[in-house]
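J.: Residue 155 is where the sequence shown ends in the numbering used here, and the numbering goes up by one at each step. The C-beta atom is built at its ideal place from N, Cα and C for all residues, glycine as well.
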Amino acid sequence: MGDMAKSITAAAATQPDGIVVSLPDPDALGQAIKDAVAAGIPVITMNSGLESSKDVGALMHVGQPEFLAGQSAGMRAKAEGATKGLCFIQEAYNTALNDRCNGYGESVPIKLVDSSNDPATIPTRAAAGLQANPDVDAVLSVGPHVCVGV
């Protein structure tokens, strides 16, 4: 996240007409976004950051409410017979991904599995999560590569 904050600061230094940025970790990125807004640069957050967008001064947020998306997925899984699940999450700090897992967990009890964002460790972590929870009958993966190799 440090590199992303530096990128936001560097972009703001060029005085662009605006910045569109994802906000997965408000603690790590919030100040850089606030500084851009204070410099008169319009900022729009997208994808992650719905709940924190206004707090950092963004004009608006473009994206779905992740908790609601998770709830919908959980209700569908429960209707299909799911009773116990895992949620594989590749960025444990990402508020949007946590919201999606937590929404899912309202219908199907879940355990979070930090599968990491490192392709070299994902298969091992995902397999370990499944082996540690043999009674799981549902899996939610909140990223496209989080269960690769399992």
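What distance in whole Å lies between the Cβ atoms of Met6 and Ala41, which are believed to be in contact at a cut-off of 8 Å?
T.: Between Met6 and Ala41 the Cβ distance is about 16 Å, and since that is not below 8 Å, they are no contact.
J.: Smallest Cα separation from Leu102: which of Arg81, Gly68 and Pro139?
T.: Looking at the Cα atoms, Gly68 is the closest of the given residues.
J.: Counting Cβ pairs, one atom from each stretch, are 3 or more of them under 8 Å apart for the region 72–85 and the region 123–132?
T.: Judged by Cβ distances under 8 Å, the region 72–85 makes no contact with the region 123–132, as fewer than three pairs qualify.
J.: If you reduce the DSSP assignment to three classes, tell me which class Ala10 lands in.
T.: Helix.
J.: Please give the ranges of any alpha helix (DSSP H) in the region 25–75, keeping only runs that are unbroken, at least 4 residues long and fully inside the region.
T.: If we require 4 residues or more, the alpha helix (DSSP H) runs fully inside the region 25–75 come out as 31–43.
J.: Per DSSP, what kind of secondary structure is Asp119 in: helix, strand or coil?
T.: Asp119 falls in the strand class under three-state DSSP.
J.: Could you name the residues of the same chain whose beta carbon sits closer than 7 Å to that of Asn138, not counting the 5 residues immediately before and after it, in chain order?
T.: Closer than 7 Å at Cβ, skipping near neighbours: Leu91 and Lys116.
J.: Which stretch, first to last residue, makes up the beta strand (DSSP E) that contains Cys92?
T.: Start and end: Gly90 to Ile94.
J.: Between the C-alpha atoms of Phe93 and Met9, what's the straight-line distance to the nearest angstrom?
T.: Spanning the two alpha carbons is a distance of roughly 23 Å.
J.: Comparing C-alpha positions only, which one of Gly110, Asp140, Cys152 and Lys89 sits nearest to Asp119?
T.: Among Gly110, Asp140, Cys152 and Lys89, the Cα nearest to that of Asp119 is on Cys152.
J.: So, using beta-carbon positions, are Thr14 and Ala37 closer together than 7 Å?
T.: It is a contact, given that the beta carbons lie within the stated cut-off.
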